[in-house]
Amino acid sequence: MLIVSILVVITLFFSIYINRVFANERAREAEIVKKQEAIKQAARDKEAKKTYVEKMNDRIMSNEFKNRMPIPLILQTDKKWKNEFYGEEGSDPLKNTVEINGCAITTLAMVSTYLDKKEVTPLDVLKWSGNRYYDENEGTVWQIFNDFAVSKEYEFEDLGDQQELAKKHLEKGHPIVVSVKPGYFTKVGHIMVISGYDRKTNTFWLNNPSDTDEKKHTGKAFKEAEIQNEALRYWAIYK
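All letters in the sequence shown, in the order written, are residues 1 to 239 by the UniProt record's numbering.
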């Protein structure tokens, strides 16, 4: 009888011990799940706080877009330089800023950042160019592209309006600067970077320096006709 009583007591204590072990294990598992969810939520919160540029550059640099060069998106509307004067000397400073007139110098900043593999901002380009390439009636004159390439010792080709030549350069990994007429992209003339071409789908990737979260041009694959109908001239700038 004593032996039975002892066995009952041992069984009881063992049962209590096992239950506590399992309870502790479940508590540890619940704590791990809680921490993992907190990490995921922090990542979601961080992503939600990112700007359109940051989100697009994350996608570009992760090679999400097929047949696209990792040319970072830079916006002329960035608060770090948007209010810098750029325009006709002596003209209204409120109407002559990088935000309003700076599509060409911002485009060159994107191209140069890609080719030199280091950050180049519109302020860096503006420090080189000053306002000497800006014409009140024409905006930034096209000569800036050749002169900038020469100053940086890049290769440069004026492709005229020949889209097929632009395609060949893009397939070699050469950025293309494109000038477009007033229309789909802006109400006035505009300069952008063509950053890739997919021959299989016959579509192009663009880095638009005046892009917004509403436009979403930088994340769109543009059909050949969509570019051709707007383009005035192409230039290849490369090493």
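Don't be surprised by glycine CBs; every beta carbon is placed ideally from N, CA and C.
Measure how close the beta-carbons of residue i and residue j come, nearest whole angstrom, since I'm counting them as under 8 Å.
i	j	result
Leu115	Tyr238	7 Å
Val177	Thr107	6 Å
His190	Cys103	5 Å
Met69	Ser195	5 Å
Val98	Ala109	Not a contact, Cβ separation roughly 10 Å.
Glu157	Ala236	4 Å
Ser151	Trp128	6 Å
Tell me the DSSP secondary structure of residue i in three-state form.
i	result
Val53	helix
Phe222	strand
CB residue i to CB residue j, shorter than 8 Å?
i	j	result
Tyr197	Asn63	no
Thr113	Pro175	no
Asn208	Phe222	no
Asn131	Glu171	no
Glu230	Lys181	yes
Gln143	Tyr134	no
Val188	Leu206	no
Tyr234	Ala166	yes
Met56	Gly183	no
Ser179	Leu232	yes
Is residue i close to the ligand ZN? I mean its beta-carbon at under 7 Å from any heavy atom of the ligand.
i	result
Ala104	You won't find the ligand ZN in this model; it holds no ligand whatsoever.
query: Which runs of the alpha helix (DSSP H) fall wholly inside the UniProt domain "Peptidase C39-like" (72-209) and span at least 4 residues, in chain order?
result: For the UniProt domain "Peptidase C39-like" (72-209), the full-length alpha helix (DSSP H) segments reaching 4 residues or more read 98-101, 103-116, 122-129, 143-152 and 163-171 along the chain.
message: For the pair the segment 211-228 and the segment 139-147, tell me if three or more CB-CB distances fall below 8 Å.
response: Contact between the segment 211-228 and the segment 139-147 is absent, because fewer than three Cβ pairs lie under 8 Å.
- prompt: Looking at C-beta atoms only, is the number of pairs between the segment 114-130 and the segment 155-169 that lie closer than 8 Å three or more?
  reply: Contact check between the segment 114-130 and the segment 155-169: fewer than three CB pairs, one atom from each, fall below 8 Å, which does not count as touching.
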